[in-house]
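Counting from 1, position 410 in the sequence shown corresponds to residue 423 in our numbering; the numbering is continuous, with no gaps. Taking it in order: structure first as structure tokens, then the write-up.
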Amino acid sequence: MPDAPATDFRPVVLGGDITAYTLVRTFHEAYGVRPLVVNMTDGGPVALSTVCDHEYVEGLENEEVFVRTLERVGREHGGEGRPALLLVAAGDWYVRMIIEHKDTLAAWFTIPYIDLDLLDRIVRKDVFYGILDEVGVPHPDTVVVDMGADAGEERDLPFTFPVVAKPADSALYHYASFEGKKKVYVCDTPEELADTLRRVRASSYDGNFLLQDFVPGDDTNMRVLTCYSDRDGKVRFGSVGHVLLEEHHPLAIGNPCVIITTEIDEVVEQARRFLEHIGYVGFSNFDLKYDRRDGTYKFFEINVRLGRSNFYVTAGGDNVSEWYVRDWVRHEPMEGLEIARGEHLFAFVPRYVVRHYVLDKPLRDKALGLMRAGRASDPNRYAPDLTLKRRAYNLAYHVNQVRKFRRHFTDRR
Numbered sequence: 014m015p016d017a018p019a020t021d022f023r024p025v026v027l028g029g030d031i032t033a034y035t036l037v038r039t040f041h042e043a044y045g046v047r048p049l050v051v052n053m054t055d056g057g058p059v060a061l062s063t064v065c066d067h068e069y070v071e072g073l074e075n076e077e078v079f080v081r082t083l084e085r086v087g088r089e090h091g092g093e094g095r096p097a098l099l100l101v102a103a104g105d106w107y108v109r110m111i112i113e114h115k116d117t118l119a120a121w122f123t124i125p126y127i128d129l130d131l132l133d134r135i136v137r138k139d140v141f142y143g144i145l146d147e148v149g150v151p152h153p154d155t156v157v158v159d160m161g162a163d164a165g166e167e168r169d170l171p172f173t174f175p176v177v178a179k180p181a182d183s184a185l186y187h188y189a190s191f192e193g194k195k196k197v198y199v200c201d202t203p204e205e206l207a208d209t210l211r212r213v214r215a216s217s218y219d220g221n222f223l224l225q226d227f228v229p230g231d232d233t234n235m236r237v238l239t240c241y242s243d244r245d246g247k248v249r250f251g252s253v254g255h256v257l258l259e260e261h262h263p264l265a266i267g268n269p270c271v272i273i274t275t276e277i278d279e280v281v282e283q284a285r286r287f288l289e290h291i292g293y294v295g296f297s298n299f300d301l302k303y304d305r306r307d308g309t310y311k312f313f314e315i316n317v318r319l320g321r322s323n324f325y326v327t328a329g330g331d332n333v334s335e336w337y338v339r340d341w342v343r344h345e346p347m348e349g350l351e352i353a354r355g356e357h358l359f360a361f362v363p364r365y366v367v368r369h370y371v372l373d374k375p376l377r378d379k380a381l382g383l384m385r386a387g388r389a390s391d392p393n394r395y396a397p398d399l400t401l402k403r404r405a406y407n408l409a410y411h412v413n414q415v416r417k418f419r420r421h422f423t424d425r426r
């Protein structure tokens, strides 16, 4: 932490989960500032924090309430003679609302996000894959299914089972409710796939669904990539993480929870081609998987914000908040492309989970060794914020992670 808090800006963070807390932590750690967190829940990691101010707003999920609330926050905390308000979000819905109302909110806030037209293009995974093809970036073979049409077009697939099935529009899918709903489905048989699509069709979701070739391998074949593009659309930073373990709860499948920072310049260059081709600005987050069949890394999706596991970047020595501040608040000139180097372990699960559920023994041993050597970080454990309540919360959080893995873990080697 700096000797004195920064006075030229204040972060306003939208969200209340672990993603929001890591944003609070990174800004406080780098600049000593107290972010203001505004969200729609009054519990969780943010509510217990002593290094931020927290404002719970009932009904914030309503668009009208959202805009009215941020206008009020802008009037109360921003304006001439006050620190610049830097608006960042921890969830997809928050990001969309910021972008949709950017013209209004820009009167009060500095907004480090893309425009709506680009957002609507790339959050649809079928469109995203088409752009990847344009710039020669690999992705899994994919068939697009129109969920508003009659069933049947998914019968003849150009790849074998198991098949991955997932919504093309995650934001629209968020509002669908039905029995057995999952973030991503891995269907082992044609009958299982047909049943999955039948249940989705019976819900309110009417966007496209994607059927994909299943890239073999367990969680340790996954990679995560975080990039930063400056206001001119040039990629200035890239950090690759080797995923050792993902969450396996049905509604959280695919969220990395154990990561070792690594170096794969090839995928940073591929992401750079894509991002500069579309004129992207701000942070982006990609999920990839190593395909041992052809030796390539297949890009799965992009998040137009810092991901849930973004603290792996800060833990590895590159505090993410500094890119926001240097570029959007202090307008520092940027040159070249910086790629994160070194090796550090990120984990928000306890040692027990690492020991029992990381399936690759050499990688498991490496992770446990980094823990023993003190080269590991848990985003929930921040020394200036470790009150008794927070310690109790962290303990309960770890116990719950053990329970979830015991119940939901699936070995797909």
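Even for Gly, the Cβ is constructed at its ideal location relative to N, Cα and C.
Taking the alpha carbon of residue i as the point to measure from, which residue in the options has its own alpha carbon closest?
{"i": "R249", "options": "I277, K402, S217, E282", "result": "E282"}
{"i": "H357", "options": "V342, H344, L383, Y365", "result": "L383"}
{"i": "I31", "options": "R343, G104, W121, Y218", "result": "G104"}
{"i": "A181", "options": "Y241, G29, L145, F222", "result": "F222"}
{"i": "G254", "options": "D243, R236, G267, S190", "result": "R236"}
{"i": "V427", "options": "G161, A97, L238, R81", "result": "Shown here, the chain extends from 14 to 426; a query on residue 427 therefore has no answer."}
{"i": "W106", "options": "Y69, A17, G161, G28", "result": "G28"}
{"i": "L129", "options": "D146, M110, W121", "result": "M110"}
{"i": "G87", "options": "V51, L61, P269", "result": "V51"}
{"i": "I127", "options": "E289, T400, I352, E192", "result": "E289"}
{"i": "L350", "options": "H344, D398, S252", "result": "S252"}
{"i": "R416", "options": "P363, P397, D398", "result": "P363"}
{"i": "S390", "options": "L132, T20, C270", "result": "C270"}
{"i": "V367", "options": "G320, I273, E335, K402", "result": "I273"}
{"i": "V101", "options": "R95, G94, K115", "result": "K115"}
{"i": "D139", "options": "V150, V156, L131, F359", "result": "V156"}
{"i": "T123", "options": "D398, V342, F359", "result": "V342"}
{"i": "P397", "options": "D21, V37, T20", "result": "V37"}
{"i": "E279", "options": "K195, I352, F22", "result": "I352"}
{"i": "G246", "options": "K379, D340, Y365", "result": "D340"}
{"i": "V22", "options": "R388, Y337, D378", "result": "Per the sequence shown, residue 22 should be read as Phe rather than Val. Nearest of R388, Y337, D378 to F22, Cα basis: Y337."}
{"i": "H67", "options": "E74, D55, N75, F287", "result": "D55"}
{"i": "R244", "options": "H344, P48, A162, R318", "result": "H344"}
{"i": "D159", "options": "D146, A178, N332, L145", "result": "A178"}
{"i": "F174", "options": "Y198, P375, G193, V108", "result": "Y198"}
{"i": "C1", "options": "G295, R321, A33, D146", "result": "The structure shown does not extend to residue 1, since the chain is modelled only from 14 through 426, so no value can be given for it."}
Quick one: grab the DSSP three-state call for residue i.
{"i": "S183", "result": "helix"}
{"i": "F234", "result": "Note that residue 234 corresponds to Asn in the displayed sequence, not to Phe. DSSP places N234 in helix when its eight states are reduced to three."}
{"i": "V463", "result": "One cannot answer for residue 463 here, as it falls past the ends of the chain, which runs 14 to 426."}
{"i": "K402", "result": "helix"}
{"i": "E279", "result": "helix"}
{"i": "V199", "result": "strand"}
{"i": "I135", "result": "helix"}
{"i": "R249", "result": "strand"}
{"i": "E348", "result": "coil"}
{"i": "Y218", "result": "coil"}
{"i": "T239", "result": "strand"}
{"i": "H152", "result": "coil"}
{"i": "R244", "result": "coil"}
{"i": "R23", "result": "strand"}
{"i": "T173", "result": "coil"}
{"i": "F418", "result": "helix"}
{"i": "E71", "result": "coil"}
{"i": "A353", "result": "coil"}
{"i": "M423", "result": "It is Thr, not Met, that sits at residue 423 in the sequence shown. Here T423 sits in coil by DSSP."}
{"i": "A119", "result": "coil"}
{"i": "D208", "result": "helix"}
{"i": "A17", "result": "coil"}
So, for residue i: in the same chain, excluding its five sequence neighbours on each side, which residues have a beta-carbon less than 6 Å away from its beta-carbon?
{"i": "K302", "result": "V228, N234, M235, K311"}
{"i": "L372", "result": "D231"}
{"i": "G292", "result": "G246"}
{"i": "P151", "result": "T309, K311"}
{"i": "R403", "result": "L61"}
I'd like the list of long-range same chain contacts for residue i, defined as Cβ closer than 7 Å, with 5 residues on each side in sequence excluded.
{"i": "T35", "result": "N323, F324, P392"}
{"i": "N407", "result": "N393, R394"}
{"i": "G57", "result": "G29, D30"}
{"i": "F4", "result": "The first residue shown for the chain is 14 and the last is 426, placing residue 4 beyond what the model contains."}
{"i": "A19", "result": "Y44, G45, V46"}
{"i": "G267", "result": "K196, V197, E259, D300"}
In chain order, what residues of the same chain have a beta carbon less than 8 Å from the beta carbon of residue i, not counting five sequence neighbours either side?
{"i": "W121", "result": "L83, E84, V86, G87, R88, G91, G92, L98"}
{"i": "T400", "result": "L61, T63"}
{"i": "F191", "result": "R212, V213, A215, S216"}
{"i": "L118", "result": "V80, L83, E84, G87, L100, I111, I124"}
Consider the Cβ of residue i: report whether some Cβ of chain E lies at a distance smaller than 9 Å.
{"i": "G161", "result": "Chain labels in this structure do not include chain E; a single protein chain is all it has."}
Decide if the stretch 415-426 is in contact with the stretch 257-271; the criterion is three or more beta carbon pairs, one per stretch, under 8 Å apart. yes
Segments assigned alpha helix (DSSP H), at least 4 residues, entirely inside the stretch 32-65: 57-60
Is the stretch 37-52 touching the stretch 322-341, taking contact as three or more C-beta pairs under 8 Å? yes
Answer yes if the stretch 186-193 comes into contact with the stretch 210-219, meaning at least three C-beta pairs across the two stretches below 8 Å, and no otherwise. yes
Considering only residues of the stretch 73-108, which uninterrupted alpha helix (DSSP H) runs meet the minimum length of 4 residues and lie entirely inside it, listed in chain order? 76-90
Which runs of the alpha helix (DSSP H) at least 4 residues long sit entirely within the stretch 358-397? Give them in chain order. 364-370, 374-385
Would you list, in sequence order, the uninterrupted beta strand (DSSP E) runs of no fewer than 3 residues that lie entirely inside the stretch 249-321? 269-275, 295-304, 309-316
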